[in-house]
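K.L.:
As given, the protein sequences belong to chains A and B, one line each in that order.
Take 1 as the starting number for the first sequence in this note's numbering and just add one per residue.
Take 1001 as the starting number for the second sequence in this note's numbering and just add one per residue.
Protein chains: 2
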Amino acid sequence: MKSVLILGGDGFCGWPTSLHLSANGYRVGIIDNLSRRHIDDELGAASLTPIASIGQRLQAWHGVAGQTIDYFHIDIANDYAGLRDAIDSFKPDAVVHFAEQRAAPYSMTNATHKRYTVDNNIRGTHNLLVAISELGRDIHVVHLGTMGVYGYDGSGLEIPEGYLDVVVKGPNEEVYPRSILFPTAPGSVYHMTKSMDQLLFQFYARNDELRITDLHQGIVWGTQTEETRLHDDLINRFDYDGDYGTVLNRFLMQAAVGHALTVHGTGGQTRALINIQDTVRCIRLAIEHPPQRGDRVKIFNQVAETQRVRDLAKTISEMTGARIAYVDNPRKEAAENDLRVSNATFRALGLKPILLDQQLFNETIEIVERFKDRYNPAVVAARSVWTRDNKPGVVKD
Amino acid sequence: MKSVLILGGDGFCGWPTSLHLSANGYRVGIIDNLSRRHIDDELGAASLTPIASIGQRLQAWHGVAGQTIDYFHIDIANDYAGLRDAIDSFKPDAVVHFAEQRAAPYSMTNATHKRYTVDNNIRGTHNLLVAISELGRDIHVVHLGTMGVYGYDGSGLEIPEGYLDVVVKGPNEEVYPRSILFPTAPGSVYHMTKSMDQLLFQFYARNDELRITDLHQGIVWGTQTEETRLHDDLINRFDYDGDYGTVLNRFLMQAAVGHALTVHGTGGQTRALINIQDTVRCIRLAIEHPPQRGDRVKIFNQVAETQRVRDLAKTISEMTGARIAYVDNPRKEAAENDLRVSNATFRALGLKPILLDQQLFNETIEIVERFKDRYNPAVVAARSVWTRDNKPGVVKD
Chain A
1 MKSVLILGGD GFCGWPTSLH LSANGYRVGI IDNLSRRHID DELGAASLTP
51 IASIGQRLQA WHGVAGQTID YFHIDIANDY AGLRDAIDSF KPDAVVHFAE
101 QRAAPYSMTN ATHKRYTVDN NIRGTHNLLV AISELGRDIH VVHLGTMGVY
151 GYDGSGLEIP EGYLDVVVKG PNEEVYPRSI LFPTAPGSVY HMTKSMDQLL
201 FQFYARNDEL RITDLHQGIV WGTQTEETRL HDDLINRFDY DGDYGTVLNR
251 FLMQAAVGHA LTVHGTGGQT RALINIQDTV RCIRLAIEHP PQRGDRVKIF
301 NQVAETQRVR DLAKTISEMT GARIAYVDNP RKEAAENDLR VSNATFRALG
351 LKPILLDQQL FNETIEIVER FKDRYNPAVV AARSVWTRDN KPGVVKD
Chain B
1001 MKSVLILGGD GFCGWPTSLH LSANGYRVGI IDNLSRRHID DELGAASLTP
1051 IASIGQRLQA WHGVAGQTID YFHIDIANDY AGLRDAIDSF KPDAVVHFAE
1101 QRAAPYSMTN ATHKRYTVDN NIRGTHNLLV AISELGRDIH VVHLGTMGVY
1151 GYDGSGLEIP EGYLDVVVKG PNEEVYPRSI LFPTAPGSVY HMTKSMDQLL
1201 FQFYARNDEL RITDLHQGIV WGTQTEETRL HDDLINRFDY DGDYGTVLNR
1251 FLMQAAVGHA LTVHGTGGQT RALINIQDTV RCIRLAIEHP PQRGDRVKIF
1301 NQVAETQRVR DLAKTISEMT GARIAYVDNP RKEAAENDLR VSNATFRALG
1351 LKPILLDQQL FNETIEIVER FKDRYNPAVV AARSVWTRDN KPGVVKD
């Protein structure tokens, strides 16, 4: 039986991944410092869905699936010895690393959040790589990255999977082909840390021959997976606040409570999307297809499709009757961009991506309807200033 | 009068830079946590030249130059408020950032040193950028980077100054020109942090319009500058130990004490070099030619020439009669490499680089002769393991 440690296994992607692997023959351990719950407290926000304690979650899973998931309360950024000892004792074949602060707006709010995001994400990732190197174990690292590292350059070129073939001209017009890491243009401190993670992975794959897969994921939508549906105490997070809520879930929430769908700028931003059910399938596919020792870092684009934000809003508006409100965009980015993304690897591995679909919207809407007495309108507005030229509070409904 | 804060102003490059700027009409402040002195204690090593306390150094400078340099004892990686308050009160026009752990071998010795190097360097650089952004000041940041981030790919192409013009092919063979950050291939955790620094600079230049110059420096040789020669208490560091000693100074030390010149591998590595006197001149030129707000990060190669290590050894051997000993190379790198580097910007700004020269060797040899009773042969061997396949102690004389 293969063993997998999930760093950040209490979070929005980590929790359903833990259950999916446990349901499919893996021995699973979770490492989490519960920071996502603490940030909820800090922001005065909460998941729309009521989240059971980690103890209740694991107990419920044992009840419905008969499987035990081990839990380690460790802060991987600040407790290196704890992390190393957990890896040493659990003896995982693979480690899935979700344990990073993952909200771009949160990372831009103020100096404290900027510094926390860099410290937490870079130290955590580096500690993991150093621990595996120090233990001398041949453990496959699967990391959740983001499509957002690339920025949006507007060329219309399809974004390849991690590496870009380019040609460099010599002094006499002779040409040298090169395969380079796709240049990044992160738009937030959060995205910057994921771009820096790539350099950590490149180094440790080359110097220590660590086996690493980096998954550049699109924006996740949806809430439940096959496994989280099995018991109310297994329910997954549903974030709709200005920091952690992602665009599609936020629109569905706004529609359900009779609020306008708030579109930033012209809504001309094109984004890559993926359903949470596909996230967990992709992670499993990545674990099942590891690189060999000495290979370069494997980089897959973990996306199902791309959509323009205003088109998403229109779809939800037509379906629900909600009106659309255009508000200022706090981000420093092009008003309109195209985005084409290759997801050839996961398709070749058998993934048939779930596309945006009324039936799945309906499931999300049902969840929103069921829990809408927990809705707190005060947390929906983006609070992030982004650049020093912006003024807080510009983005409102 | 322009004001400059020197982060790491007690170190090998920072100290002579502080004096050079103070001698040339700048109001200078130094921020340093004296970590380089503490690492000497940790390693049981010491500069061959006796280094006065920071208080004695500043007093001696006041005595010979009549200038006051302010000193702030701040750990910029771990005391954000202290750093921000010092910038707020000192009101510098420019900050020169040397405050990073700068020895590649030290950064590779063990898990603690790897983690310290990443924590210290990334946190320090990020804290500086956040502080300037938070204060809303238009301060020019001049950072000491390294040529070593690029690795040595063996193509023979000249390394341009930071950015590389490439061509990307579209699906129908149409071509898209791009100017990208020159792809890095760092060979140590230390070099990796300097590569990660570049991403921090790119982000803060773009998002916050910070004005940033990043200097990719070659290996420094020599000890004294015009200013450090003025008083014994102003003397600069001379490191010759396996962690901090750089190749040319180490050869000169070995020759002076009758030791063989220890060449790693075949000595086929080609390296970029610069004399310490040119380092301080280049920093001043960089300060005097800042980017404008909104410009991309300025990147200059701060090098005088390139030399193959075994040729360096031969030169010193012929001059001094020392024999050459070839020992195993702890680094994971090509045995032989070419290296061509553009230094067009500094040449255009008027720098006439000091090249390797018998007269300057003689000055270094005089210093070595003068202090050779302080020589400790036990610290010369490289202690770094580099990869987990290496065994400590492989590299010996």
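No residue lacks a Cβ here, since even glycine has one placed at the ideal position from N, Cα and C.
1. Going by the CB atoms, is the gap between Val1142(B) and Leu1007(B) shorter than 8 Å?
2. When you compare only the Cα positions, how much space is there between Leu1285(B) and Ser107(A)?
3. Cβ closer than 7 Å: which chain A residues qualify as neighbours of Asn1207(B)?
4. If you scan the stretch 1254 to 1304 of chain B from start to end, which runs of the beta strand (DSSP E) of 3 or more residues do you find wholly inside it?
5. Residues of chain E with a CB under 9 Å from the CB of Glu1173(B): which are they?
6. Could you check whether the stretch 54 to 69 of chain A touches the stretch 102 to 116 of chain A, counting it as contact only if at least three pairs of C-beta atoms, one from each stretch, sit closer than 8 Å?
7. What three-state label does DSSP hand His73(A) in the structure shown?
8. Indicate the three-state DSSP secondary structure (helix, strand or coil) for Ser1179(B) in the structure shown.
9. How would you call Thr1266(B), buried or exposed, if buried means at least 16 neighbouring beta carbons within 10 angstroms?
10. Less than 8 Å between the beta carbons of Thr1315(B) and Arg1340(B), yes or no?
11. Where Met1192(B) and Phe203(A) are concerned, what is the direct C-alpha to C-alpha distance, given to the nearest angstrom?
12. Does any C-beta atom of chain A lie closer than 8 Å to the C-beta of Ile1212(B)?
13. Does DSSP put Ala111(A) in a helix, a strand or coil?
14. Taking DSSP's pairing of strands, which residues face Leu164(A) in a bridge?
15. What in chain A is Cβ-close to Arg1115(B), meaning under 9 Å?
16. Should His38(A) go down as buried or exposed, given a rule of 16 or more other Cβ atoms within 10 Å for buried?
17. With a threshold of 8 Å between beta carbons, is Val1168(B) in contact with chain A?
18. With a Cβ-Cβ cutoff of 8 Å, do Gly9(A) and Asp40(A) count as a contact?
19. Of the choices Ile122(A), Arg347(A), Ile276(A) and Asp295(A), whose alpha-carbon is the least far from that of Glu363(A)?
20. By the DSSP assignment, the beta strand (DSSP E) with Thr228(A) in it spans what residues?
21. Are the C-beta of Glu1134(B) and some C-beta of chain A separated by less than 8 Å?
22. Between Ile1316(B) and chain A, is there a C-beta pair that is closer than 8 Å?
23. Could you check if His1140(B) is buried or exposed, using at least 16 other CB atoms within 10 Å of its CB as the buried criterion?
24. Does the stretch 1122 to 1135 of chain B come within contact of the stretch 129 to 137 of chain A, defined as at least 3 CB pairs closer than 8 Å?
25. Should Val118(A) be flagged as near chain B, meaning a C-beta pair shorter than 8 Å?
26. Can you tell me the Cα-Cα spacing of Pro377(A) and Val297(A), whole angstroms?
27. Considering only the alpha carbon of each residue, which of Gly1124(B), Asn1236(B), Thr1270(B) and His1216(B) lies closest to Ile1398(B)?
28. Any C-beta of chain A sitting closer than 8 Å to the C-beta of Ile1324(B)?
29. Assess, as a yes-or-no matter, whether the stretch 175 to 184 of chain A is touched by the stretch 240 to 254 of chain A under the definition of 3 or more beta carbon pairs within less than 8 Å.
30. What residues in its chain sit with their C-beta under 8 Å from that of Ile1367(B), if we drop five residues either side in the sequence?
31. In three-state DSSP terms, what is Ser35(A)?
32. Excluding sequence positions up to five away, which residues of its chain have a Cβ less than 6 Å from the Cβ of Gly1294(B)?
33. So, at 8 Å on beta carbons, what are the nonlocal neighbours of Glu158(A) in its own chain, with the 5 sequence-adjacent residues on each side left out?
34. Measure from the C-beta of Tyr176(A) to each C-beta in chain B and report whether the shortest distance is under 8 Å.
35. Please return the same chain residues whose Cβ sits closer than 6 Å to the Cβ of Thr1320(B), not counting the five positions on each side in sequence.
36. Taking Pro291(A) as the query, report the chain B residues whose CB atoms sit under 9 Å from its CB, ordered along the chain.
P.N.:
Looking at the atomic coordinates:
1. Between Leu1007(B) and Val1142(B), the C-beta spacing is not below 8 Å.
2. Straight through space, the alpha carbons of Ser107(A) and Leu1285(B) are spaced by roughly 35 Å.
3. Within chain A, the residues near Asn1207(B) are Lys332 and Thr387.
4. Whole beta strand (DSSP E) segments, 3+ residues: 1261 to 1264, 1270 to 1275 and 1298 to 1302.
5. The structure shown contains no chain E; its protein chains are A and B.
6. Cβ pair count under 8 Å is below three, so no.
7. Three-state result, His73(A): coil.
8. For Ser1179(B), the three-state secondary structure derived from DSSP is strand.
9. Thr1266(B) should be labelled exposed.
10. Not in contact: Thr1315(B) and Arg1340(B) (Cβ atoms no closer than 8 Å).
11. Straight-line Cα distance between these residues: approximately 7 Å.
12. Interface criterion not met: the Cβ of Ile1212(B) is under 8 Å from no Cβ in chain A.
13. Helix at Ala111(A).
14. According to the DSSP secondary-structure assignment, Leu164(A) is paired through a beta bridge with Ile180(A).
15. Using a Cβ-Cβ cut-off of 9 Å, Arg1115(B) is close to Tyr80, Arg123, His126, Asn127 and Val130 of chain A, given in chain order.
16. With fewer than 16 other Cβ atoms within 10 Å, it is exposed.
17. The beta-carbon of Val1168(B) is placed less than 8 Å from the nearest beta-carbon of chain A.
18. In this structure, Gly9(A) sits away from Asp40(A), with a CB-CB distance that is not shorter than 8 Å.
19. Ranking the options by Cα distance to Glu363(A), first place goes to Ile276(A).
20. For Thr228(A), no beta strand (DSSP E) segment is defined, and its DSSP state is neither H nor E.
21. Residue-level contact by beta carbon holds for Glu1134(B) and chain A, with a gap shorter than 8 Å.
22. Not one beta carbon of chain A lies nearer than 8 Å to the beta carbon of Ile1316(B).
23. Per the 10 Å Cβ criterion, buried.
24. Not touching, per the Cβ criterion.
25. For Val118(A), the answer is yes, since a Cβ of chain B falls inside 8 Å of its Cβ.
26. Pro377(A) and Val297(A) have their C-alpha atoms roughly 43 Å apart.
27. Outside the displayed range of chain B (1001 to 1397) lies residue 1398(B), so it cannot be described from this structure.
28. With 8 Å as the cut-off, Ile1324(B) does not count as an interface residue toward chain A.
29. In this structure the stretch 240 to 254 of chain A does not lie against the stretch 175 to 184 of chain A, because fewer than three pairs of beta carbons, one per stretch, are closer than 8 Å.
30. Leu1048, Thr1049, Thr1223, Gln1224 and Phe1238, listed in sequence order.
31. Ser35(A): helix per DSSP, three-state reduction.
32. Closer than 6 Å at Cβ, skipping near neighbours: Glu1209.
33. So the qualifying residues of the chain are Arg340, Val341 and Ser342.
34. By this cut-off, Tyr176(A) is an interface position.
35. When the five nearest sequence neighbours on each side are left out, the beta carbons in the same chain lying within less than 6 Å of the beta carbon of Thr1320(B) are those of Ala1255, in order along the chain.
36. For the C-beta of Pro291(A), not a single chain B residue is nearer than 9 Å; the gap to the nearest is close to 18 Å.
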